[in-house]
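Taking numbering that gives the first Met the number 0, the leading residue of the sequence shown gets 0, the next gets one more, and so forth.
Cβ atoms here follow ideal geometry from the backbone N, Cα and C, with glycine treated the same way.
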Amino acid sequence: MKRATPQAGPALAAFTQLLSSTRRGARLARLLTVTELLSWEVPQDLAERAELVVAELAANAVLHGHVPGRCFRLALTYDRAAGRLLVEVTDARGESKPRPPAPDAGPGSGTEADPLRTGGRGLTLVAALADHWETVPHPPGGKTVRAVLTSPAAGA
Numbered sequence: 000m001k002r003a004t005p006q007a008g009p010a011l012a013a014f015t016q017l018l019s020s021t022r023r024g025a026r027l028a029r030l031l032t033v034t035e036l037l038s039w040e041v042p043q044d045l046a047e048r049a050e051l052v053v054a055e056l057a058a059n060a061v062l063h064g065h066v067p068g069r070c071f072r073l074a075l076t077y078d079r080a081a082g083r084l085l086v087e088v089t090d091a092r093g094e095s096k097p098r099p100p101a102p103d104a105g106p107g108s109g110t111e112a113d114p115l116r117t118g119g120r121g122l123t124l125v126a127a128l129a130d131h132w133e134t135v136p137h138p139p140g141g142k143t144v145r146a147v148l149t150s151p152a153a154g155a
């Protein structure tokens, strides 16, 4: 007797949304990410990391990539078979590129981070949560920050 094998859905899921370059738009990016990843049945560990990465990249797009009258774009692509999620946040300011976080040289070196500063830790968080991240130009004048996250269960 033959039985139909249940399908878990498409192997590749994608979502793209333009959002206002405001704090409200950044918050909406995070909420939409959570909603989409839940509907795609992404593993919880991957979804939680993605939520934090999107929150940081969207906040950066609003704070550092804002151009009056221009939106930012959130794109998510999930490859179920590979357990791989690609997060892309595109803004309109290509000249303002994020720099990878510099490692602290340690006590006594004069380059320790100020523990009381209120900003500047976001990309350190992205680097810790994502397997890889990069910035690429987005013509005509913007940039896209990409982060790749994989589920530990995918490698097993």
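**Prompt:** Under the DSSP definition of a beta bridge, which residues are partnered with E133?
**Reply:** Against the sequence shown, residue 133 aligns to sequence position 134. By DSSP's assignment, E133 forms a beta bridge with R145.
**Request:** May I ask you to list the residues that DSSP assigns as paired with E87?
**Result:** Looking up residue 87 in the sequence shown gives position 88. In the DSSP output, where bridge partners are listed per residue, E87 has A74 and R145.
**Request:** Select from A25, A28, V52 and G140 the residue whose C-alpha is nearest the C-alpha of T123.
**Result:** Working through the sequence shown from its first residue, we reach residue 123 at position 124. Taking only the C-alpha atoms, the option nearest T123 is V52.
**Asked** In chain order, what residues of the same chain lie with their CB nearer than 8 angstroms to the CB of W39, ignoring the 5 residues before and after it?
**Response** Residue numbering aside, residue 39 sits at position 40 when the sequence shown is read from its first letter. Excluding residues up to 5 positions away in sequence, G8, A12, Y77 and R79 lie with their Cβ nearer than 8 angstroms to the Cβ of W39 in the same chain.
**Request:** Just tell me which of R48, A28 and F14 has its CA closest to the CA of V125.
**Result:** On the sequence shown, residue 125 is found 126 positions in, with the first residue counted as 1. Its Cα nearest to that of V125, the residue R48 stands out among R48, A28 and F14.
**Asked** Among all the DSSP beta bridges, which residues are the ones paired with A12?
**Response** In the sequence shown, the residue the question calls residue 12 occupies position 13. DSSP output for A12 lists Y77 as bridge partner(s).
**Request:** Below 8 angstroms on the Cβ atoms is my guess for G205 versus T149; work out the distance and round it to an integer in Å.
**Result:** Because the chain spans 0 through 155 in this model, residue 205 falls outside it and cannot be assessed.
**Backbone CA spacing between L18 and R72 [nearest angstrom]** = Locating residue 18 in the sequence shown gives position 19, counting from the first residue. Locating residue 72 in the sequence shown gives position 73, counting from the first residue. As the crow flies, the alpha-carbon of L18 is around 6 angstroms from that of R72.
**Meets three-Cβ-pair contact criterion under 8 angstroms: the stretch 53 to 65 and the stretch 133 to 140** = Cβ pair count under 8 angstroms is below three, so no.
**Start and end residues, alpha helix (DSSP H) containing E47** = Sequence index remark: in the sequence shown, residue 47 carries index 48 (1-based). The continuous alpha helix (DSSP H) containing E47 extends over residues Q43 to H63.
**Message:** Between V41 and L84, how many whole angstroms is the CB-CB distance? I'm expecting something under 8 angstroms.
**Reply:** Here residue 41 refers to the residue found at position 42 of the sequence shown. Here residue 84 refers to the residue found at position 85 of the sequence shown. So it is a contact: roughly 7 angstroms between Cβ atoms.
**Prompt:** Just checking my contact of A129 with V147 at CB under 8 angstroms: how many whole Å lie between their CB atoms?
**Reply:** Here residue 129 refers to the residue found at position 130 when the sequence shown is read from its first residue. Here residue 147 refers to the residue found at position 148 when the sequence shown is read from its first residue. Correct: roughly 6 angstroms between the Cβ atoms.
**Distance between Q16 and E87 (C-alpha atoms, nearest Å)** = Here residue 87 refers to the residue found at position 88 when the sequence shown is read from its first residue. Here residue 16 refers to the residue found at position 17 when the sequence shown is read from its first residue. Their Cα atoms are separated by approximately 11 angstroms.
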